[in-house]
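Shown next, in structure tokens, is the structure this report addresses.
Residue numbers (our numbering): 94 to 248.
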């Protein structure tokens with residue numbers, strides 16, 4: 094089964110790039126500097142930032158659909174990220190090394206299934222969840238902190 098994992102479109106975040114810490118604070122955004130790797134996963138590039146790189150920590154609505162599962166949470170975005178990552182039939186390292194919560198949704202954004210899995214076992218779970226024709230897309234979250242990590246669509 095073919096699948097695609099995509100990073101977020103950077104356009105909504107670009108207005109924050111280069112703002113002062115004070116201006117960011119007014120928008121409830123915090124600039125942070127990565128001090129370890131892994132530890133600061135960018136949701137646009139789907140990579141962990143290198144130590145010393147600047148990231149923005151902000152609240153993001155990753156499931157804006159009108160359903161009971163509408164959801165938002167904190168995410169990191171590399172300051173200056175300009176193109177979303179795209180992985181076809183491949184698991185990004187940022188996901189492969191983490192404990193993940195994977196949630197399957199139908200076309201009405203209603204959750205149909207969910208499991209927790211080590212990232213190195215993500216691909217078989219994607220195949221299993223997409224075997225259900227009712228599943229339209231998957232959301233992957235970091236299981237420990239609960240934040241949105243990436244979206245998976247059929248390829």
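Glycine included, C-beta positions come from ideal geometry on N, C-alpha and C.
Test item: CB-CB of residue i and residue j under 8 Å
i           : j           : result
residue 200 : residue 229 : yes
residue 211 : residue 188 : no
residue 158 : residue 202 : yes
residue 164 : residue 156 : yes
residue 154 : residue 248 : no
Distance between residue j and residue i (C-alpha atoms, nearest Å)
i           : j           : result
residue 242 : residue 115 : 27 Å
residue 147 : residue 135 : 10 Å
residue 194 : residue 207 : 7 Å
residue 143 : residue 169 : 13 Å
residue 125 : residue 145 : 9 Å
residue 183 : residue 221 : 16 Å
residue 234 : residue 198 : 13 Å
residue 149 : residue 132 : 13 Å
Where residue i falls, given that 16 or more other Cβ within 10 Å makes a residue buried
i           : result
residue 94  : exposed
residue 103 : buried
residue 213 : exposed
residue 96  : buried
residue 119 : exposed
When the options are compared against residue i, the one with the closest alpha-carbon
i           : options              : result
residue 304 : 197, 98, 248 and 157 : The structure shown does not extend to residue 304, since the chain is modelled only from 94 to 248, so the question has no answer here.
residue 219 : 244, 235 and 164     : 244
residue 107 : 167, 172 and 153     : 172
residue 175 : 248, 96 and 110      : 110
residue 122 : 128, 112 and 131     : 112
Other residues of its chain near residue i: CB distance less than 7 Å, five sequence neighbours each side excluded
i           : result
residue 101 : 136, 137 and 177
residue 240 : 166, 167, 168 and 234
Own chain, CB closer than 6 Å to residue i, minus 5 neighbours either side, in chain order
i           : result
residue 196 : 204, 207 and 232
Residues near residue i by beta carbon distance below 8 Å, same chain, minus five either side
i           : result
residue 185 : 98, 139, 140, 178 and 243
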